[in-house]
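Residue numbers (our numbering), protein chains in the order written: chain A, 1 to 307; chain B, 1001 to 1307. Where a beta carbon is used, it is the ideal one built from N, C-alpha and C, also for glycine.
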């Protein structure tokens, strides 16, 4: 089976944790444990978020007085692909001795006229109390929005249209290599309509939507979206809350999700299943193996009763 | 012909230039122009330095008060592989429409007991007047050394022993992909003697020595070391200065090089030619095509008179 697994940016850095290198190095051991068993039995592509990491680098770059201007988000996103790609590659190398592993710098084409450029929605960096967030926003020209009870920087998140390195990923995967790619949804670029020339843009693409596109392009059998909750829930946060064990794309889309990150995950899973007839699931990182074997998570399956 | 080309970190950021993203984006156009013609006719692997870039990120990380400790050099090196890899990949993509291009996050194994860990020699970051450098050294726990007339941070530069991703690079190259890899000499890791487990270490490997190892492992025909001078010189800086047009490894090693970066370049070229019987050359980035065709640079060729 060919599996595309998407890891939340929080897999490396949990909400509220200090963004130290040592913290992320410790957290990533859990990722390797969870995913190594899958790599034994299946073709595996791993993609990952970068929200906390790209936000940290953006702050550091904005504070660097040797620069005329902070580095743009495409280059900072590229930096996170290198760093997180290296952490994942070396940890999986240690968990899977002898297994070929490649972390690929990956670019994702978006539309220059995507309306998301005028409406920033993607959370990056740390959470702050409202007043700190407002101060940082004024100082750095940020947009901010409420994330749970705290505030956080938001940046444009245009829709992924095409992954530039798909053929390379396919070639490596077909040759038996575990591929780590499209981190942070891929480095955002626009493509010139006439020449195809790529240009970096200030954005962070949603990694779950890129994972769905990647899974479709690679003709994957399974899209596995890993997060820090074991299921999608009905009536989340109410007394009637109960886990969804399985759902069709339409049922999943009909769910009433809390603000934040479950919406894009549900949309990504639904889209992949509708377009390909494959399976998707949303569940907990630690349960990755159990989810693929139908013993955990929320399974999203094709609607066989549909016309 | 199979060519490994090594770009100086200065190709993206010249000495004294402000380390802005825009400056590096402009400089990299020159790289693409110089290398695209080679990629038309030959199998091409590109590796690059990261001294100015990793030094900048180290300063930013050291100044980040949200961190318990600055990020280690292996993770900062990984960040530069992502960023420079992306800049090279997208610029070459635009110069070579339709040509498959992959930038790979690459790890290089060094010995934990390499004496270089006790003797930092590799320049990173910007140059400073002596007093500024001494102040920064005290504040950040740096080692510093004289670079030309200025001062600069130095970090350990252990010898490259093995490139972890060699098989993947070989597979991509043999399939017709232009591969960008081993940036900054590769992300430095040690390998546990018993388990082979990889662990990041605080170092920056010499990218020319890694390029020579890579060229040897890939059975390349030509190692092309690109820098900002058109040749190796005899009597450099003296009235008798004259360019070396060609040399055997022994002749090249006998040269009296000024302090700084020509020494490792000469050693890398000599080592590749001795070990493989292939050709190497040292010359100017803009003359890459002419160097490969014998019309520029210093050619290093096997000593056919040797026993």
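Chain-ordered chain E contacts of residue i [CB-CB under 8 Å]
| i | result |
| --- | --- |
| residue 68 of chain A | Among the protein chains of the structure shown, namely A and B, there is no chain E. |
Proximity to residue i [Cα-Cα], best of the options
| i | options | result |
| --- | --- | --- |
| residue 1105 of chain B | A:57, A:179 and A:28 | A:179 |
| residue 1037 of chain B | B:1062, B:1067, B:1097 and B:1061 | B:1097 |
| residue 140 of chain A | A:60, A:249, A:52 and A:11 | A:60 |
| residue 1267 of chain B | B:1295, B:1217 and B:1212 | B:1212 |
| residue 1160 of chain B | B:1128, B:1199 and B:1205 | B:1205 |
| residue 152 of chain A | A:164, A:55 and A:72 | A:55 |
| residue 235 of chain A | A:284, A:256 and A:199 | A:256 |
| residue 1167 of chain B | B:1216, B:1203, B:1264 and B:1133 | B:1216 |
| residue 182 of chain A | A:7, A:23 and A:47 | A:47 |
| residue 1185 of chain B | B:1289, B:1122 and B:1117 | B:1122 |
| residue 1171 of chain B | B:1045, B:1145 and B:1017 | B:1045 |
| residue 1067 of chain B | A:102, A:100, A:126 and A:41 | A:126 |
| residue 94 of chain A | B:1304, B:1198 and B:1264 | B:1198 |
| residue 1130 of chain B | B:1146, B:1116 and B:1138 | B:1146 |
| residue 1117 of chain B | B:1304, B:1013, B:1189 and B:1103 | B:1189 |
Beta-carbon contacts of residue i that lie in its chain and below 6 Å, excluding the five residues immediately before and after
| i | result |
| --- | --- |
| residue 286 of chain A | 34 |
| residue 1302 of chain B | 1273 and 1277 |
| residue 1187 of chain B | 1074, 1077, 1078 and 1107 |
| residue 1283 of chain B | 1230, 1291, 1296 and 1297 |
| residue 137 of chain A | 144 |
| residue 280 of chain A | 223, 269, 272, 273 and 300 |
| residue 1039 of chain B | 1096 and 1178 |
| residue 1132 of chain B | none |
| residue 1032 of chain B | 1091, 1092 and 1095 |
Alpha-carbon to alpha-carbon, residue j and residue i
| i | j | result |
| --- | --- | --- |
| residue 1043 of chain B | residue 1222 of chain B | 10 Å |
| residue 1227 of chain B | residue 1135 of chain B | 31 Å |
| residue 207 of chain A | residue 1084 of chain B | 22 Å |
| residue 1052 of chain B | residue 251 of chain A | 53 Å |
| residue 209 of chain A | residue 1294 of chain B | 50 Å |
| residue 1233 of chain B | residue 1298 of chain B | 9 Å |
| residue 1020 of chain B | residue 11 of chain A | 31 Å |
| residue 87 of chain A | residue 262 of chain A | 26 Å |
| residue 1249 of chain B | residue 112 of chain A | 52 Å |
| residue 214 of chain A | residue 163 of chain A | 7 Å |
| residue 9 of chain A | residue 50 of chain A | 5 Å |
| residue 3 of chain A | residue 101 of chain A | 15 Å |
| residue 90 of chain A | residue 25 of chain A | 10 Å |
| residue 1070 of chain B | residue 103 of chain A | 24 Å |
N-terminal and C-terminal residue of the beta strand (DSSP E) that residue i is part of
| i | result |
| --- | --- |
| residue 43 of chain A | 43-48 |
| residue 1233 of chain B | 1232-1234 |
| residue 222 of chain A | 222-227 |
| residue 147 of chain A | 143-147 |
| residue 285 of chain A | Where residue 285 of chain A is concerned, there is no enclosing beta strand (DSSP E), given that its DSSP letter is neither H nor E. |
| residue 104 of chain A | 101-105 |
| residue 13 of chain A | Careful: residue 13 of chain A lies outside any beta strand (DSSP E) and carries neither H nor E. |
| residue 1003 of chain B | 1002-1007 |
| residue 150 of chain A | 150-155 |
| residue 1191 of chain B | 1187-1191 |
Cut-off 7 Å between Cβ atoms - residues of its own chain near residue i, not counting five sequence neighbours on either side
| i | result |
| --- | --- |
| residue 120 of chain A | 143, 154, 155 and 156 |
| residue 1079 of chain B | 1057 |
| residue 114 of chain A | 158 and 159 |
| residue 1265 of chain B | 1208, 1225, 1227 and 1282 |
The alpha helix (DSSP H) enclosing residue i, as first and last residue numbers
| i | result |
| --- | --- |
| residue 123 of chain A | Segment 122-128 is the beta strand (DSSP E) holding residue 123 of chain A; no alpha helix (DSSP H) there. |
| residue 197 of chain A | It is not in any alpha helix (DSSP H) - residue 197 of chain A carries neither H nor E in the DSSP assignment. |
| residue 1082 of chain B | 1073-1095 |
| residue 263 of chain A | 262-276 |
| residue 1249 of chain B | 1249-1253 |
| residue 1054 of chain B | 1051-1063 |
| residue 210 of chain A | 207-217 |
| residue 169 of chain A | 166-174 |
Taking 8 Å as the cut-off, does the region 1235-1252 of chain B touch the region 1188-1207 of chain B (at least 3 CB pairs, one atom from each stretch)? no
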